[in-house]
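In the working numbering, the protein residues as written are 196 to 534. Reviewing the structure listed below.
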Amino acid sequence: MIYVGFLHHWAPIVFGILSYICNAIFVFIVLKKTKSSFGAYKYMLMSFGIFDIMYSTVDMVVAMGSHSEGNTFCLFVSHGPFAEDVNLGFAALCVRCMFFSLSYGVLEVHFIYRYIALCKPKWISIFSDPKWIFGLFLGVIGQGIVWFCSVFFCMWSDDEMRSYLEVPFRRDYNADVYKVPVLGSTYWGASTKLIVRTSSGIVIISIISCWTIYFCIWTGYTIHKTLNTVDMSKNTKKMHRNLLKALAIQTFIPFAVSYVPCVFAWSVPLLHIDSKSLNNYTAVIAVAAFPFIDPLAIMMLLPDYRNAFFRIFLPFLFNPTRTYPNTTASEISGRTTNT
196 MIYVGFLHHW APIVFGILSY ICNAIFVFIV LKKTKSSFGA YKYMLMSFGI
246 FDIMYSTVDM VVAMGSHSEG NTFCLFVSHG PFAEDVNLGF AALCVRCMFF
296 SLSYGVLEVH FIYRYIALCK PKWISIFSDP KWIFGLFLGV IGQGIVWFCS
346 VFFCMWSDDE MRSYLEVPFR RDYNADVYKV PVLGSTYWGA STKLIVRTSS
396 GIVIISIISC WTIYFCIWTG YTIHKTLNTV DMSKNTKKMH RNLLKALAIQ
446 TFIPFAVSYV PCVFAWSVPL LHIDSKSLNN YTAVIAVAAF PFIDPLAIMM
496 LLPDYRNAFF RIFLPFLFNP TRTYPNTTAS EISGRTTNT
């Protein structure tokens with residue numbers, strides 16, 4: 196067991212519990228307050244909450260630490276059921292990293308849905324077709340598997356990599372790095388084989404991340420342009436804008452609290468900067484927070500869900516936000532109507 200610090204030890208647990216509570220509330224509200232005629236979109240929203248619960252579970256079970264010093268960046272299992280077995284712990288770390296990519300995949304599907312609902316409404320039926328649903332599921336899983344394989348086959352730690360981490364682990368964690376599950380990347384001052392292998396893994400996961408960010412920005416911009424020209428009721432257009440805002444925030448949250456800290460952690464060795472155990476606070480804790488923050492975006496931005504939330508928790512202060520009575524379920528789920 197490696198004890199990094201109080202915040203590192205307890206933050207994932209606290210955020211995990213908060214994530215369970217918040218996402219359970221979100222799924223309940225979506226289940227009870229979303230009209231059945233919304234069709235597939237109701238279950239698309241629920242998938243966010245269910246996935247965030249799974250994400251938090253993996254984050255708590257696979258207790259992850261991070262360290263960047265000298266020429267090497269690494270992730271390691273700090274404590275928990277996988278800390279004592281180097282090989283099993285390494286596999287668990289790869290699964291933990293895979294969930295980072297899966298979170299992007301889930302987000303991409305939601306952008307695809309909103310894009311089709313507004314820009315290609317004739318295609319909206321694919322979200323009720325089992326083969327297309329299965330195809331989207333395979334796409335998300337496939338992206339996660341590519342991330343998993345890039346880490347598993349490229350970023351495993353050999354004796355050479357561990358030798359660069361031996362002194363830092365003794366000094367900062369009082370641990371023998373040869374007994375700790377570790378994955379990482381070494382960028383300079385090492386054998387060419389190690390540098391090429393581990394850097395290849397970093398390049399692959401960076402490409403996936405950059406592609407996701409580009410895709411979400413392009414899709415969001417296209418949806419925004421379409422909203423300025425599409426012929427639909429004012430209330431429906433406002434609801435679509437709220438949904439787009441919710442997606443934009445849900446894109447910004449993992450980007451700000453997951454992607455940026457993680458890129459910082461795996462990039463600083465390239466600049467000969469030693470962030471050392473600081474990564475455990477800039478990256479690890481931030482990543483643990485995002486599944487708790489994520490569902491709040493939709494609940495606070497969509498009036499019906501916001502009202503339901505306040506009715507449950509603050510009934511004595513509840514002041515109904517104006518909803519959109521002229522907005523029909525068919526309009527929200529993709530079939531626009533004329534004003």
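All C-beta atoms in this analysis are idealised placements derived from N, C-alpha and C, irrespective of residue type, glycine included.
**Asked** Which residue's Cα is closest to the Cα of I418: N502, Y238, I307 and G334?
**Response** In the sequence shown, the residue the question calls residue 418 occupies position 223. Nearest neighbour of I418 by Cα position, chosen from N502, Y238, I307 and G334, turns out to be I307.
**F347 to A492 span [Cα, whole Å]** = For the purposes of this step, residue 347 is taken as the residue at position 152 of the sequence shown. For the purposes of this step, residue 492 is taken as the residue at position 297 of the sequence shown. Approximately 33 Å between the Cα atoms of the pair.
**Prompt:** Counting along the chain, where does the alpha helix (DSSP H) carrying M196 start and finish?
**Reply:** As a first step, residue 196 must be located in the sequence shown, where it is residue number 1. First-last for M196: undefined, no H or E at that position.
**Message:** Give me, in chain order, the residues of the same chain whose beta-carbon lies closer than 7 Å to that of F294; leave out the 5 immediate sequence neighbours on both sides.
**Reply:** One-based indexing of the sequence shown puts residue 294 at position 99. Once the five neighbours on either side are set aside, the close Cβ partners of F294 are Y250 and V253.
**Item:** Residues of its chain near L202, where Cβ-Cβ distance is below 7 Å and the 5 sequence neighbours each way are ignored
**Value:** Along the sequence shown, one-based indexing puts residue 202 at 7. Cβ-Cβ distances below 7 Å link L202 to Y476 and I480 in the same chain, with the five nearest sequence neighbours on each side left out; the list follows chain order.
**Request:** Name the residue from F271, L226 and F210 whose alpha carbon lies nearest to the alpha carbon of M196.
**Result:** In the sequence shown, the residue the question calls residue 196 occupies position 1. Out of F271, L226 and F210, the CA that lies nearest to the CA of M196 is found in F271.
**Request:** With distances taken Cα to Cα, identify the nearest neighbour of I340 among P363, G300 and V281.
**Result:** Here residue 340 refers to the residue found at position 145 when the sequence shown is read from its first residue. Among P363, G300 and V281, the Cα nearest to that of I340 belongs to G300.
**Asked** To which residues of the same chain is I397 closer than 7 Å at the C-beta, ignoring the five residues directly before and after it?
**Response** As a first step, residue 397 is located in the sequence shown; it is residue number 202 there, counting from the start. Result list for I397: S380 and W461, in chain order.
**Message:** Am I right that V304 and L333 are in contact with their C-beta atoms under 8 Å? What's the rounded C-beta distance?
**Reply:** Walking along the sequence shown from the start, residue 304 turns up at place 109. Walking along the sequence shown from the start, residue 333 turns up at place 138. That belief does not hold up - the Cβ atoms of V304 and L333 are roughly 11 Å apart, past 8 Å.
**Prompt:** If you draw a straight line from the alpha carbon of T446 to that of A258, how long is it in whole angstroms?
**Reply:** Here residue 446 is taken as the residue at index 251 of the sequence shown, counted from 1. Here residue 258 is taken as the residue at index 63 of the sequence shown, counted from 1. Each residue's Cα considered, the two are about 25 Å apart.
**D354 to K374 span [Cα, whole Å]** = Translated into the one-based positions of the sequence shown, residue 354 becomes position 159. Translated into the one-based positions of the sequence shown, residue 374 becomes position 179. Rounded to the nearest whole angstrom, the C-alpha separation of D354 and K374 is 11 Å.
**Request:** Taking L378 as the reference, give the member of G211, V362, F508 and F268 with the closest Cα.
**Result:** The sequence position of residue 378 within the sequence shown is 183, counting from 1. The shortest Cα separation from L378 among G211, V362, F508 and F268 belongs to F268.
**Request:** Take F277 and list the residues in its own chain whose beta-carbon comes closer than 7 Å to its own, dropping the five residues that flank it on each side.
**Result:** Here residue 277 is taken as the residue at index 82 of the sequence shown, counted from 1. So the list reads V257, L283, G284, A287 and P376, once near-sequence residues are dropped.
**Asked** Helix or strand or just coil, what does DSSP make of W205?
**Response** Sequence index remark: in the sequence shown, residue 205 carries index 10 (1-based). The answer is helix: DSSP assigns W205 an H, G or I state.
**Asked** Who does S261 pair with in a DSSP beta bridge?
**Response** Position 66 of the sequence shown, counted from the start, is the residue given in the question as residue 261. DSSP links S261 through a beta bridge to L270.
**Item:** Residues of its chain near D469, where Cβ-Cβ distance is below 8 Å and the 5 sequence neighbours each way are ignored
**Value:** Here residue 469 corresponds to residue number 274 of the sequence shown, with the count starting at 1. Counting only Cβ-Cβ distances below 8 Å, and skipping sequence neighbours, we find S263, E264, G265 and V463.
**Request:** Have a look at R392 and C349 and give me their C-alpha separation to the nearest angstrom.
**Result:** Along the sequence shown, one-based indexing puts residue 392 at 197. Along the sequence shown, one-based indexing puts residue 349 at 154. Put simply, the backbone Cα of R392 is about 5 Å away from that of C349.
**Request:** For F246, collect the residues of the same chain with a Cβ closer than 6 Å to its Cβ; drop the 5 residues on either side in sequence, then sort them by chain order.
**Result:** Your numbering for residue 246 matches position 51 in the sequence shown. Cβ within range, chain order: V301.
**Request:** Look at the alpha carbon of G211 and the alpha carbon of M255, and state the distance between them as a whole number of angstroms.
**Result:** On the sequence shown, residue 211 is found 16 positions in, with the first residue counted as 1. On the sequence shown, residue 255 is found 60 positions in, with the first residue counted as 1. Straight-line Cα distance between these residues: approximately 7 Å.
**Prompt:** Taking the Cβ atom as the reference point for each residue, do M494 and I224 lie within a distance shorter than 8 Å?
**Reply:** To locate residue 494, count along the sequence shown from 1; it is residue 299. To locate residue 224, count along the sequence shown from 1; it is residue 29. Taking 8 Å as the Cβ cut-off, M494 and I224 qualify as a contacting pair.
**Request:** For L465, collect the residues of the same chain with a Cβ closer than 7 Å to its Cβ; drop the 5 residues on either side in sequence, then sort them by chain order.
**Result:** Mapped onto the sequence shown, residue 465 falls at position 270. Contacts found: Y382.
**Request:** Taking K440 as the reference, give the member of A503, V372, I412 and R357 with the closest Cα.
**Result:** Start at 1 with the first residue of the sequence shown, and residue 440 comes out as number 245. Looking from the CA of K440, the closest CA among A503, V372, I412 and R357 belongs to I412.
**Message:** Along the chain, where does the alpha helix (DSSP H) containing V538 start, and where does it finish?
**Reply:** Outside the shown range of the chain, which is 196 to 534, sits residue 538, and nothing can be said about it.
**Asked** For S386, does the three-state DSSP call read helix, strand or coil?
**Response** If you number the sequence shown from 1, residue 386 lands on position 191. Three-state result, S386: coil.
**N- and C-terminal bounds of the beta strand (DSSP E) containing L378** = For the purposes of this step, residue 378 is identified with residue 183 of the sequence shown, where counting begins at 1. That run of the beta strand (DSSP E) goes V377 to T381.
**Message:** Please return the same chain residues whose Cβ sits closer than 6 Å to the Cβ of C289, not counting the five positions on each side in sequence.
**Reply:** Locating residue 289 in the sequence shown gives position 94, counting from the first residue. Cβ-Cβ distances below 6 Å link C289 to F343, V346 and F347 in the same chain, with the five nearest sequence neighbours on each side left out; the list follows chain order.
**Message:** Comparing C-alpha positions only, which one of I448, T431, P490 and L509 sits nearest to F221?
**Reply:** Here residue 221 corresponds to residue number 26 of the sequence shown, with the count starting at 1. Selected option, being the one with the closest Cα: P490.
**Request:** Please classify V281: does DSSP put it in a helix, a strand, or coil?
**Result:** Numbered from 1 along the sequence shown, position 86 holds the residue referred to as residue 281. In the structure shown, V281 adopts helical secondary structure according to DSSP, grouped into three states.
**Message:** Which same chain residues end up closer than 8 Å to G415 when comparing Cβ atoms and leaving out the 5 residues on each side of it in sequence?
**Reply:** The count along the sequence shown starts at 1 and reaches residue 415 at position 220. Close CB contacts of G415 within its chain, under the 8 Å cut and outside five residues either way in sequence, are with F306, L439, L442, A443 and T446 (chain order).
**Asked** Where does the unbroken alpha helix (DSSP H) through A190 begin, and where does it stop?
**Response** With the chain covering only 196 through 534, there is no way to say anything about residue 190.
**Asked** Should L389 be labelled buried (16 or more other beta-carbon atoms within 10 Å of its own) or exposed?
**Response** On the sequence shown, residue 389 is found 194 positions in, with the first residue counted as 1. Its Cβ being crowded by 16 or more others within 10 Å, L389 is buried.
**Message:** Taking 8 Å as the threshold (C-beta atoms), are Y454 and S190 in contact?
**Reply:** Nothing can be reported for residue 190, as the shown portion of the chain is limited to 196 through 534.
**Request:** Please say whether L313 and T421 have beta carbons closer to each other than 8 Å?
**Result:** Residue 421 sits at position 226 when you count from the first residue of the sequence shown. Residue 313 sits at position 118 when you count from the first residue of the sequence shown. Less than 8 Å divides the Cβ of T421 from the Cβ of L313.
**Asked** To which residues of the same chain is S143 closer than 7 Å at the C-beta, ignoring the five residues directly before and after it?
**Response** Since the first and last residues shown for the chain are 196 and 534, residue 143 lies out of range.
**Item:** Inter-residue CB distance, M239 and L226 (contact presumed, cutoff 8 Å)
**Value:** As a working mapping, residue 239 is identified with position 44 in the sequence shown. As a working mapping, residue 226 is identified with position 31 in the sequence shown. About 13 Å; that fails the 8 Å criterion.
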